[in-house]
Amino acid sequence: VAIPGKTIKIKGDASNLLATRISGSKENEELSDFRRSIIKKTPAEINALGEEFIRNNPSSYASMAILEKYFLANPKPNYAQLDTLFNIMMKAAPKRASLQLLYQRSRGLIKCRVGAPLPSFNAVTIDSIKISQATLKDKYSLITLWATWNGDIYASLRLQRQELRPFLKKINIVNISLDADTIETKRFIREDSIPGSNICDRMSWQSPLVQSFGVRNLPSTILVDKQGRILARDLELDAIKEKLQELLETDK
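Each residue of the sequence shown is one higher than the one before, counting from 11 in this note's numbering.
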């Protein structure tokens, strides 16, 4: 852990980095002890030990390192747990700028988690139609964030159009392009007849929509229920189809 004004010493074997001993500050020694304590532990055990450490040491820089590595970097983060841990840490260290920055970077992921309401947003489609979370009510909605600059990404959108054809009149489709220019976005959408509300605000990764929806990778999908609550995120296409079939069958 890099701590202002502190000098650290590193001792260990390059073939076993988890056993590396970092000293020179209380936080680094605590972090080294934690890393050694989780050797051969299961993911669930690491999660429990990490949460216990953070709750017991909420103002420690070591807790920030643990939160980032073992919770935020988890392929399937528990966002409710992250929200709780962030709140505990920020109460213990309210003036720590690095913690505030980490929270700002993670806020979209936490607020746009499964089970939470879809964050408020306002946008304009490439056909100049205004759209917001309010306009998506009363139907299930599938939001997809994509871009033309990666062939795999827009190929998946083309496949999505084909596979979801039976649902097109029963759900809202919202496609958000992260292109920095609308020219390629419009060309692709029109050539491939991509349905739905198509948005491109030309702000790429700086788009407020990216921040609000907590997008880290493309393509990214968000499935929303009729009341505006998030049902699922980043499902594979087959799983999206199965989920929509289940939801629409239940509504009959």
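A virtual CB, placed ideally from N, CA and C, is assigned to each residue, including glycine.
(Q) Is any non-hydrogen atom of the ligand MG found closer than 7 Å to the C-beta of Ala102, if you look at the structure I gave you? (A) As far as ligands go, the structure on display features none, and thus does not contain the ligand MG.
**Q.** Three-way DSSP call (helix, strand, coil) for Ser217 in this model
**A.** Coil at Ser217, not helix or strand.
(Q) Starting from Lys140, trace the beta strand (DSSP E) in both directions and tell me its first and last residue. (A) Residues Lys140 to Ser142.
(Q) Just to confirm, is the Cβ distance from Arg239 to Pro85 under 8 Å? (A) In this structure, Pro85 does not lie closer than 8 Å to Arg239 by Cβ.
Q.
Nearest by alpha-carbon distance to Asp43: which of Ile193, Ala54 and Phe63 is it?
A. With distances taken between CA atoms, Asp43 lies nearest to Phe63 out of Ile193, Ala54 and Phe63.
Q.
Can you find the residues in the same chain that come closer than 6 Å, C-beta to C-beta, to Val134, ignoring five residues on each side of it along the sequence?
A. If the five residues before and after Val134 are omitted, its C-beta is found closer than 6 Å to the C-beta atoms of Lys140, all from its own chain and listed in chain order.
Q) Does Phe223 come within less than 8 Å of chain D when only Cβ atoms are used? A) Chain labels in this structure do not include chain D; a single protein chain is all it has.
Q.
Considering only DSSP beta bridges, list what Thr135 is partnered with.
A. Partner(s): Ile209.
Q: Return the first residue and the last residue of the alpha helix (DSSP H) that Thr94 is part of.
A: Thr94 -> alpha helix (DSSP H) spans Tyr89 to Ala102.
Q.
As a quick exercise: from Glu39, Cys210 and Thr195, pick the residue whose alpha carbon is nearest that of Gly9.
A. For residue 9 there is no data in the structure shown, the boundaries of the chain being 11 and 262.
Q | Reference Leu112, options Pro87, Thr158, Glu78 and Leu241, closest by Cα | A | Of the residues Pro87, Thr158, Glu78 and Leu241, the one whose Cα lies closest to the Cα of Leu112 is Glu78.
Q. Under 8 Å, do Ser230 and Asp244 count as touching if we go by C-beta distance?
A. Less than 8 Å divides the Cβ of Ser230 from the Cβ of Asp244.
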